[in-house]
Amino acid sequence: MAPTEEPRTTRSQDVAVGRRLTVAYGRRVALSDCDFALPAASVTALVGPNGSGKSTLLNAVAGLVPPGRGRLEVLGAPAPAPRRRVAYVFQTAASNELLPVTVREVVTMGRFAELGLFGRLRDHDRRAIQAAMDRLEVSDLADRHLRELSGGQRQRVQVAQGLAQEADVLLLDEPIIGLDLVSRQRILEAVQDERAAGRAVVLSTHDLEDAELADHVLLLAGRVVAQGRPDQVLTARNLREAYGGRLLGANGDRPLIDDDHHHPAAHPAEAGQQP
Ligand SMILES: Nc1ncnc2c1ncn2[C@@H]1O[C@H](COP(=O)(O)OP(=O)(O)O)[C@@H](O)[C@H]1O
Ligand SMILES: [Mg+2]
Numbered sequence: 374m375a376p377t378e379e380p381r382t383t384r385s386q387d388v389a390v391g392r393r394l395t396v397a398y399g400r401r402v403a404l405s406d407c408d409f410a411l412p413a414a415s416v417t418a419l420v421g422p423n424g425s426g427k428s429t430l431l432n433a434v435a436g437l438v439p440p441g442r443g444r445l446e447v448l449g450a451p452a453p454a455p456r457r458r459v460a461y462v463f464q465t466a467a468s469n470e471l472l473p474v475t476v477r478e479v480v481t482m483g484r485f486a487e488l489g490l491f492g493r494l495r496d497h498d499r500r501a502i503q504a505a506m507d508r509l510e511v512s513d514l515a516d517r518h519l520r521e522l523s524g525g526q527r528q529r530v531q532v533a534q535g536l537a538q539e540a541d542v543l544l545l546d547e548p549i550i551g552l553d554l555v556s557r558q559r560i561l562e563a564v565q566d567e568r569a570a571g572r573a574v575v576l577s578t579h580d581l582e583d584a585e586l587a588d589h590v591l592l593l594a595g596r597v598v599a600q601g602r603p604d605q606v607l608t609a610r611n612l613r614e615a616y617g618g619r620l621l622g623a624n625g626d627r628p629l630i631d632d633d634h635h636h637p638a639a640h641p642a643e644a645g646q647q648p
């Protein structure tokens with residue numbers, strides 16, 4: 374373990390704090406003994422190889438999986454936080470494109486946590502929906518079905534749904550992996566705007582360049598390998614520790630990561646896990 378910044382004690386500047394947090398699915402431990410803090414009004418990147426627990430950490434902060442051992446506080450109280458205060462944009466599932474729903478309907482679902490499923494939309498809800506669509510530049514697509522969109526447009530719609538929720542914490546699971554330049558740009562701008570508005574954004578990525586754009590990085594490998602500023606965390610030594618044999622080489626200070634999406638056979642335990 375190469376310690377970097379010590380995780381801070383609980384304080385209001387952190388939207389989530391884990392203390393010796395262990396999260397398991399049944400008997401399978403996905404994250405063990407994690408001490409971490411996710412700062413408010415900041416962008417945090419969760420980095421680590423496939424199966425390192427990035428989605429699991431997001432699931433835990435969202436309250437979708439309970440902490441096993443240890444503690445997890447979200448927004449100052451033991452998890453789960455009230456649903457409307459944490460927005461979660463899942464990793465794009467291929468099945469989404471088959472849903473017979475329009476762009477506006479998908480973004481409107483972002484208000485359900487606030488309204489309940491059968492609540493009536495008020496003016497404020499409509500404004501939040503429209504503003505979110507405008508920010509991601511999907512307003513022109515509002516009446517189209519998801520299946521009529523490109524992958525990048527669909528992803529922008531999912532992020533717009535997250536923004537429409539107007540939560541304090543925005544969780545994005547691999548939001549910009551493999552996207553076209555425009556979609557990537559719109560999403561990154563939305564992320565920066567959220568931070569500027571004082572909200573916390575936590576996104577997972579296996580792209581180190583994306584991670585370098587964050588204020589704070591958590592490097593995961595079934596545990597917290599390192600956390601702190603990108604330049605403190607994304608060192609060759611830490612990355613070697615997290616990625617092990619998957620680190621193919623070093624290009625100056627930037628090691629190359631063998632993204633095992635392309636090599637599922639190299640990690641049989643994790644094969645088939647990704648869509
Ligand atoms: N629903 C689940 N049931 C059982 N095991 C799971 C589930 N989701 C993830 N895991 C396991 O937990 C570990 C961490 O997975 P995950 O958080 O999805 O990693 P990442 O997002 O970094 O790829 C992996 O070993 C994975 O196989
Ligand atoms: Mg994941």
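Quick note: the sequence shown uses our numbering, first residue 374, plus one each step. No residue lacks a Cβ here, since even glycine has one placed at the ideal position from N, Cα and C. Predicted model, so just to flag it, every value in this text is computed and none were measured.
> What do you reckon, are the CB atoms on G483 and G535 nearer than 9 Å?
Replying inline: yes
>> Residues around ligand 2, please: the ones whose beta-carbon is closer than 7 Å to some heavy atom of it, in chain order.
In response: K427, S428, Q464, D546, E547, S577
> Based on the DSSP secondary-structure assignment, which residues constitute the bridge partners of F409?
Replying inline: G391
> How far does the alpha helix (DSSP H) with Y520 in it reach, from first residue to last?
Replying inline: With the sequence shown as reference, residue 520 is identified as Arg, and Tyr is not the correct amino acid for it. Neither: R520 is in no alpha helix (DSSP H) and is coded neither H nor E.
> Which residues in the same chain have their Cβ closer than 6 Å to the Cβ of G625, if we skip the five residues on either side of it in sequence?
Replying inline: Bear in mind that a pLDDT of 44 at G625, under 50, signals an unreliable position, so the model cannot answer this.
> To the nearest angstrom, how far is it from the Cα of A403 to the Cα of V530?
Replying inline: 29 Å
> Excluding sequence positions up to five away, which residues of its chain have a Cβ less than 7 Å from the Cβ of A587?
Replying inline: V416, T417, A418, P603
> DSSP state of D588, grouped into three classes?
Replying inline: coil
>> So, at 7 Å on beta carbons, what are the nonlocal neighbours of V511 in its own chain, with the 5 sequence-adjacent residues on each side left out?
In response: V476, Q526, R529, V530, A533
> Looking only at its own chain, which residues have a Cβ that is under 7 Å from the Cβ of A537, when we skip the five neighbours before and after it?
Replying inline: V480, G483, R484, A501, I502, A505
> L419 lies in the alpha helix (DSSP H); which residues open and close that run?
Replying inline: L419 -> not in any alpha helix (DSSP H); beta strand (DSSP E) instead, spanning 416 to 420.
> For R457, which of R596, G617, V434 has the nearest alpha-carbon?
Replying inline: V434
>> With a threshold of 8 Å (Cβ to nearest heavy atom), would R442 be considered close to ligand 1?
In response: no
> For the alpha helix (DSSP H) that E470 lies in, which residues bound it at each end?
Replying inline: No alpha helix (DSSP H) holds E470; DSSP gives it neither H nor E.
> Between which two residues does the alpha helix (DSSP H) carrying S425 extend?
Replying inline: Note, S425: premise wrong, no alpha helix (DSSP H); not H, not E.
> Do you know offhand how far V474's Cα is from G617's?
Replying inline: 43 Å
> Can you tell me where the alpha helix (DSSP H) with N464 in it begins and where it stops?
Replying inline: For the record, residue 464 in the displayed sequence is Gln; it is not Asn. First-last for Q464: undefined, no H or E at that position.
> What first and last residue would you give for the beta strand (DSSP E) that runs through A599?
Replying inline: 597 to 601
>> Taking only three categories from DSSP, how would you classify P641?
In response: At P641, the pLDDT of 37 sits below 50, so the modelled position is not reliable and the matter cannot be decided from this model.
>> On a Cα-Cα basis, can you pick out the residue from H518, L544, D406, G551 that is closest to A563?
In response: L544
>> Could you check whether the Cβ of Y616 sits closer than 8 Å to any heavy atom belonging to ligand 1?
In response: no
>> What would DSSP say about T475, mapped onto helix, strand or coil?
In response: strand
> Can the beta-carbon of V396 be found less than 9 Å from the beta-carbon of G436?
Replying inline: no
>> Report the CB separation of L514 from E470 in whole angstroms; it is logged as a contact under 8 Å.
In response: In fact, because the Cβ distance is near 13 Å, the residues do not count as touching under 8 Å.
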